[in-house]
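To start, the structure under review is shown below, and the notes come after it.
Protein chains: 2
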Amino acid sequence: MAQQKKLVEAITSRDEDFAKWYTDIVKKAELADYSGVKGCMVIRPYGYAIWENMQRDMDDRFKRTGHENVYMPMFIPESLLQREKDHVEGFAPECAWVTIGGSEQLTERLCVRPTSETLFCEHYAKVINSYRDLPKLYNQWCSVVRWEKTTRPFLRTSEFLWQEGHTMHETEQEAREETLRMLQVYADFYKETLAIPAVVGRKTEKEKFAGAEETYTIEPMMHNGVALQGGTSHYFGDGFARSFNITFTGRDNTLQYPFQTSWGTSTRMIGALIMVHSDDDGLVLPPKIAPIQVAVIPVAQKKPGVLEKAAELKEQLLQAGLRVKLDDSDKAPGWKFSQYEMLGVPVRLEIGPKDIENGQCVLVRRDTREKMFVSLDAVVETIRTLLTDIHQSMYSAALENLHSKTFVARTHEEFLDIAANKPGFIKAMWCGDSACEDQLKDETGGVKSRCIPFVEEHLADVCVCCGRPAKHMVYWGRQY
Amino acid sequence: MAQQKKLVEAITSRDEDFAKWYTDIVKKAELADYSGVKGCMVIRPYGYAIWENMQRDMDDRFKRTGHENVYMPMFIPESLLQREKDHVEGFAPECAWVTIGGSEQLTERLCVRPTSETLFCEHYAKVINSYRDLPKLYNQWCSVVRWEKTTRPFLRTSEFLWQEGHTMHETEQEAREETLRMLQVYADFYKETLAIPAVVGRKTEKEKFAGAEETYTIEPMMHNGVALQGGTSHYFGDGFARSFNITFTGRDNTLQYPFQTSWGTSTRMIGALIMVHSDDDGLVLPPKIAPIQVAVIPVAQKKPGVLEKAAELKEQLLQAGLRVKLDDSDKAPGWKFSQYEMLGVPVRLEIGPKDIENGQCVLVRRDTREKMFVSLDAVVETIRTLLTDIHQSMYSAALENLHSKTFVARTHEEFLDIAANKPGFIKAMWCGDSACEDQLKDETGGVKSRCIPFVEEHLADVCVCCGRPAKHMVYWGRQY
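From first to last, the protein sequence lines are chains A and B. Take the first sequence: its letters are residues 57 to 536, numbered as in our numbering. Take the second sequence: its letters are residues 57 to 536, numbered as in our numbering.
What follows is the structure, encoded as structure tokens:
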């Protein structure tokens, strides 16, 4: 096991330097690499396979809720971006601009899409005429660009992959329902597929999306107590529809503006997977999105019958619909153990001459390292159960982390004390004034409102910052 | 059936004005729409669903042949693009350049990728060190930009969606095999999934990809006799590897350059689908990529039991794994018939009170309009067989068109006569000199060499243009 030790030592410890541990995992698990373009990353095969599994799962959820995929251009003419005032103010500072096309200076410069509300609106203005054309439930998978100063793989990059849903509805109520429906789809996906619990709720006025009436968010907590905005769902009212002159003839034969939503999640979710679940030996992947669910490692593979049995087991597991890799390379078993731990493969199956003699094999869980001997007859069934268990215990561990790092502050002093000493979420009352958000952020060096949950507790009568009457209970925290 | 007539009349006839017929179908079948950005299109839900079906099918073929998906940045710094001389000369004239990022002038301008050889090479230089790291078999699904002067939806647009494979190999032979393997994967996909036959072969020196040693192509013929470059596969030798300093330690412990390929297909294939298979009533889609394979249309749907039976049939077909749509809207059956013909749905299922009484339904094939009465007990099985038949007869019809519009020219006069009077491919001998290609193109107003097929016929001893000794038999034709 000397080699295993060595490989493990090569990673920075999570408790020692969280940021370095994170980038070590990105590198060692071969998820991404830096490119020659500042702030842009290469998503490597293993990282991309995780993204593909996420995509397929989410896409199924979108289609089950009636959405269709489309593709809009990647360029937005400057005049189109400027059509909605708040929106352009929010995004113009981080746009990348194309000014030359085919050796000629363009008469109007084009922004590489940072998000596509304006493009969807331009198209909707053409295809929506009657209430019969509604709802329009469109989604797009694409890459977007936001010029970032400081970047980190998956968490903040100048270009990233994402999905953006854009929908149009006949009534305000329908659009509001859609906004919350998609927030729930995200929350379900986080829980059921990524095994990540999260706080969900509404953003404050200050933290809203540029141009939105309401922004809802899902906020998982990373292992170190820092929040990540995991996905957002926006209700736009008819603001964009008015700016883009999107109208339809209603059931009462009058001309009306439709009501709009948008919602998005991105490759940032891969960053969340790392920071919520992984440990000092590398990635720990939830079984549903693991590119490899079972790594079959032959032991003493030169002994007669071992490789054959390993191949037979692999085939059996593949037939059962599992994602399996048999590593019959000439590397030592110890090296392989470390390697598939680094890659976060949920279950390792070891099979050697002795095991074959005893009609059994060894299974090792990645999450708890629990090791078990299993009869070869029961191996498929056991692994199936194990994968469900692993998902469940990964979720429970993450939930336990979220609970143990959520604190209540009833006074200003308590708030500052927790912010300074206890990484995590702070639940505290708030007056509704963004000046208090600014003040708390300044005093704490970065703690911001995360969201107002749907069910608010009454922790105190007054705002934790200014002492005026409280309007809401807010989750606060630092963020990536 | 008055409504059906009217709808049909709204499309330009294919024989009258092929170009207008094409754009009519794009519009009426709601495949794509123009956007506010010159040359960029919106791919609408129905068009995108076709693309998704193509993607899934091709992606499976790529994975079965050992390829992995990755994602490279969309920007290429100018200095990186310039690293390979021929390559930059080929692409620089049609690049879109980002010169401003986040309100600041960039010190080096960035090209929006027209293709990603340079980005893959930059990455490969970092991750390839030993022969053990080879082969690298990467593919990417993304959008690319080539600034085009005249554009047409799917056929030629400034931005389009595609896949680009980029592979690196230990030996020249392996890379050459990969180049041809992927050409074959494309040819199989065209035949087995798109029901499109094609001529395949090698491009002449003049028509090669910028920077390639060899370019292979698949060239389907459109209904009007014009060719479309349907997909290309390039062998690069070690040219890029040398320019990008990609080296590996070989089995003999010496430092070597790996051998490279790339291959690509794009949303242009949707254009091919239209121009090969469709007719004056709209799209005709091959069953394997049709977003809807069976349209269930209730007749006299207000009569008791009709909608229930229609829904039951839909469920039965869905259970059988087919893609089905039941249209129970209040539109007239005749309108629906036309509508699903326009959308190219392979099979229409009609069910009315009389049919139910007789324990049968009506099936109508989109390709031949053949109408048949089928017992309700046999409907799933019959449709399955029908879908296979439809694929086969669509392929046969396209093959018949390809054959009947392929001509032999043995003399210069014959060549010019065919080029002027008979749209289609011309098979003719060629000396190997690109001056003759230029001359033939000038004389015919656009007929170019399509490819040198793998099996060449000996049609004559001398070049059809200059009369010098012939080296190759070439397929010639006009192209989109």
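C-beta: ideal position from N, C-alpha, C; glycine also. Here the structure is a predicted model, which is why all the values come from computation and not from measurement.
Interface residues of chain A facing residue i [CB-CB closer than 8 Å]
| i | result |
| --- | --- |
| HIS225(B) | Residues of chain A passing the Cβ test: none, with the nearest at roughly 17 Å. |
| ASN125(B) | PRO101, TYR104, ALA105, GLU108 |
| ILE302(B) | In chain order: nothing, as chain A lies at least about 14 Å away. |
| TYR563(B) | The question about residue 563(B) has no answer here: the residues shown for chain B are numbered 57 through 536. |
| VAL144(B) | Neighbours of VAL144(B) on chain A: none; closest Cβ ~13 Å, over 8 Å. |
Beta-carbon separation (whole angstroms), residue i vs residue j, contact threshold 8 Å
| i | j | result |
| --- | --- | --- |
| GLY267(B) | GLU140(B) | 5 Å |
| GLY95(A) | THR207(A) | 4 Å |
| THR171(A) | VAL126(A) | Not a contact, Cβ separation roughly 15 Å. |
| THR271(A) | GLY257(A) | Contact flag wrong, Cβ pair sits at about 10 Å. |
| ILE330(A) | PRO402(A) | With a Cβ gap of about 15 Å, ILE330(A) and PRO402(A) do not count as contacting. |
Which of helix, strand or coil DSSP assigns to residue i
| i | result |
| --- | --- |
| GLN59(A) | With a pLDDT of 45 at GLN59(A), under the threshold of 50, the predicted position of this residue should be treated as unreliable, though the coordinate-derived value follows. It is helical. |
| GLY286(B) | coil |
| CYS492(B) | helix |
| GLN448(B) | helix |
| TYR187(B) | helix |
| TYR386(A) | According to the sequence shown, residue 386(A) is Asp rather than Tyr. In the structure shown, ASP386(A) sits in coil (DSSP, three-state: anything other than H, G, I, E or B). |
| PRO276(A) | coil |
| PRO525(B) | strand |
| ILE302(A) | coil |
| TRP391(B) | helix |
| LEU405(B) | strand |
| VAL520(A) | coil |
| ARG324(A) | helix |
| LEU515(B) | coil |
| GLN13(B) | As shown, chain B starts at 57 and ends at 536. That puts residue 13(B) outside it, with no answer to give. |
| ILE474(B) | helix |
| TRP77(A) | helix |
| GLN535(B) | strand |
| VAL380(B) | strand |
Cβ neighbour criterion (16 or more within 10 Å) applied to residue i
| i | result |
| --- | --- |
| GLN375(A) | exposed |
| LEU284(A) | buried |
| GLY361(B) | exposed |
| PHE265(A) | buried |
| THR235(B) | buried |
| VAL511(A) | exposed |
| MET57(B) | Note on MET57(B): pLDDT 39, under 50, position unreliable in the model; no value is reported. |
| GLN310(A) | Note that residue 310(A) corresponds to Thr in the displayed sequence, not to Gln. Per the 10 Å Cβ criterion, exposed. |
| LYS359(A) | exposed |
| VAL530(A) | buried |
| PRO133(B) | buried |
| GLN161(B) | exposed |
| ARG307(A) | exposed |
| ASN195(A) | buried |
| ASN1(B) | This structure gives no information on residue 1(B), because the portion of chain B shown stretches from 57 to 536. |
| GLN448(B) | exposed |
| LYS62(B) | Any reading at LYS62(B) must be qualified, since the residue scores a pLDDT of 48, below 50, and its modelled position is unreliable; the value itself is stated next. LYS62(B) comes out exposed. |
| ARG120(B) | exposed |
Neighbour list for residue i in chain B, Cβ cutoff strictly below 7 Å
| i | result |
| --- | --- |
| CYS96(A) | PRO129, PHE131 |
| SER159(A) | PRO149 |
| TRP203(A) | GLY157, GLY158 |
| SER186(A) | Those within 7 Å of SER186(A) in chain B number zero; the least Cβ separation is about 13 Å. |
| SER394(A) | Going along chain B, no residue has its Cβ under 7 Å from SER394(A), so there is no contact; the nearest lies around 18 Å. |
Closer than 6 Å: residue i CB and nearest the ligand MG heavy atom
| i | result |
| --- | --- |
| GLU512(A) | Within the structure as shown, the ligand MG is missing, as the structure has no ligands at all. |
Within chain B, the residues that residue i reaches when beta carbons sit closer than 8 Å
| i | result |
| --- | --- |
| TRP391(A) | In chain order: nothing, as chain B lies at least about 14 Å away. |
| TRP153(A) | VAL154, THR155, ILE156, GLY157 |
| GLU215(A) | PRO129, MET130, PHE131 |
Proximal chain A residues relative to residue i, where beta-carbon distance stays under 7 Å
| i | result |
| --- | --- |
| LYS182(B) | ASP89 |
| LEU166(B) | VAL93 |
| LEU136(B) | GLY92 |
Chain A residues whose Cβ lies nearer than 9 Å to that of residue i
| i | result |
| --- | --- |
| GLU178(B) | SER91, GLY92, VAL98 |
| LEU378(B) | Under the 9 Å cutoff, chain A gives no residues; its nearest Cβ is about 16 Å from LEU378(B). |
| SER318(B) | By Cβ distance, chain A contributes nothing, its closest Cβ being about 16 Å from SER318(B), past 9 Å. |
| field | 3 or more residues per run - each beta strand (DSSP E) lying fully within the stretch 89-176 of chain A | value | DSSP runs (the beta strand (DSSP E)) wholly in the stretch 89-176 of chain A: 97-99, 131-133, 152-157, 160-168.
| request: Scan the stretch 207-285 of chain A and note each continuous alpha helix (DSSP H) run of 4 residues or more that stays entirely inside, going in chain order. | output: You should have 228-248.
| task | Could you tell me which uninterrupted beta strand (DSSP E) segments, each at least 3 residues in length, are contained entirely in the stretch 424-448 of chain A, listed from first to last along the chain? | result | As for any beta strand (DSSP E) of minimum length 3 sitting wholly inside the stretch 424-448 of chain A, the runs are 427-431, ordered along the chain.
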